[in-house]
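Enquirer: Mind having a look at this structure? Questions to follow.
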Amino acid sequence: MDRSLGRLIVPRILRAHGVSLTTLSEHYGEAAGQTVIDTDWIRLTAERGWVGFHKDAAISRNDAERDAVMESAARMFCIPRADITGEDSAQRFIRNLEAIRLAAQSDGPFIYKVLAHHIERLY
Numbered sequence: 035m036d037r038s039l040g041r042l043i044v045p046r047i048l049r050a051h052g053v054s055l056t057t058l059s060e061h062y063g064e065a066a067g068q069t070v071i072d073t074d075w076i077r078l079t080a081e082r083g084w085v086g087f088h089k090d091a092a093i094s095r096n097d098a099e100r101d102a103v104m105e106s107a108a109r110m111f112c113i114p115r116a117d118i119t120g121e122d123s124a125q126r127f128i129r130n131l132e133a134i135r136l137a138a139q140s141d142g143p144f145i146y147k148v149l150a151h152h153i154e155r156l157y
């Protein structure tokens with residue numbers, strides 16, 4: 035889970051709903067987790083077979099990040115709005131958890147937007 039979603043509220047809520055996850059801070063350590071390059075953690079998720087959760091709609095417009103998703107066959111789910119709270123972000127994931135689980139069974143690469151009541155494939 036990307037730092038854009040925070041390291042406390044969203045992980046706590048998702049874990050309470052049975053989601054197994056690793057934050058960047060947990061994987062890399064607190065300091066390194068704040069500075070890891072997005073293309074690196076995107077590739078890491080694919081290498082590990084993980085699904086990436088983030089709050090960064092710009093990933094679909096950032097060539098290097100989009101290329102990292104495509105080249106590594108990453109599976110990504112994105113909250114496309116930076117202006118919503120951690121609790122609201124977590125609730126979007128929870129409300130869409132079944133659709134996310136179903137989509138995540140497919141091979142990457144892909145990026146889905148996680149909207150209020152559904153997910154929508156970007157790539």
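Residue numbering for the sequence shown follows my numbering, beginning at 35 and increasing consecutively.
Note that the Cβ used here is the ideal one computed from N, Cα and C, for glycine as well.
1. Can you tell me whether DSSP reads ARG82 as helix, strand or coil?
2. Is the separation between the beta-carbon of GLU96 and that of ASP74 shorter than 9 Å?
3. Taking buried to mean at least 16 other C-beta atoms within 10 Å of its own C-beta, is THR79 buried or exposed?
4. Smallest Cα separation from GLU64: which of ASP36, ILE93 and SER54?
5. Between which two residues does the beta strand (DSSP E) holding VAL148 run?
6. Determine the closest residue to HIS88 out of ALA108, LEU136 and GLU81, with distance taken between C-alpha atoms.
7. Decide if GLY142 is buried, meaning its Cβ has at least 16 other Cβ atoms within 10 Å, or exposed.
8. Where does HIS152 fall in DSSP's three states?
9. Rounded to whole angstroms, what's the CA-CA distance from ARG155 to ARG100? Just pull it up for me.
10. What does the alpha-carbon distance come out to for the pair MET104 and GLN139?
Expert: Inspection of the coordinates gives the following:
1. Working through the sequence shown from its first residue, we reach residue 82 at position 48. DSSP places ARG82 in helix when its eight states are reduced to three.
2. As a position in the sequence shown, residue 96 is number 62, starting the count at 1. As a position in the sequence shown, residue 74 is number 40, starting the count at 1. Residue identity check: residue 96 is Asn in the sequence provided, not Glu. Not closer than 9 Å, so no.
3. Residue numbering aside, residue 79 sits at position 45 when the sequence shown is read from its first letter. Looking at its Cβ environment, which holds 16 or more other Cβ atoms inside 10 Å, THR79 is buried.
4. As a first step, residue 64 must be located in the sequence shown, where it is residue number 30. Checking every option, the nearest Cα to that of GLU64 belongs to ASP36.
5. Working through the sequence shown from its first residue, we reach residue 148 at position 114. From DSSP, the beta strand (DSSP E) with VAL148 extends over 144-148.
6. Against the sequence shown, residue 88 aligns to sequence position 54. Selected option, being the one with the closest Cα: ALA108.
7. Locating residue 142 in the sequence shown gives position 108, counting from the first residue. The residue is buried, with at least 16 neighbouring Cβ atoms inside 10 Å.
8. Position 118 of the sequence shown, counted from the first residue, corresponds to residue 152. In the three-state reduction of the DSSP assignment, HIS152 falls in the coil class, being assigned neither a helical nor a strand state.
9. Along the sequence shown, one-based indexing puts residue 155 at 121. Along the sequence shown, one-based indexing puts residue 100 at 66. Straight-line Cα distance between these residues: approximately 13 Å.
10. Within the sequence shown, the letter at position 70 stands for residue 104. Within the sequence shown, the letter at position 105 stands for residue 139. Distance between the alpha carbons of MET104 and GLN139: 17 Å.
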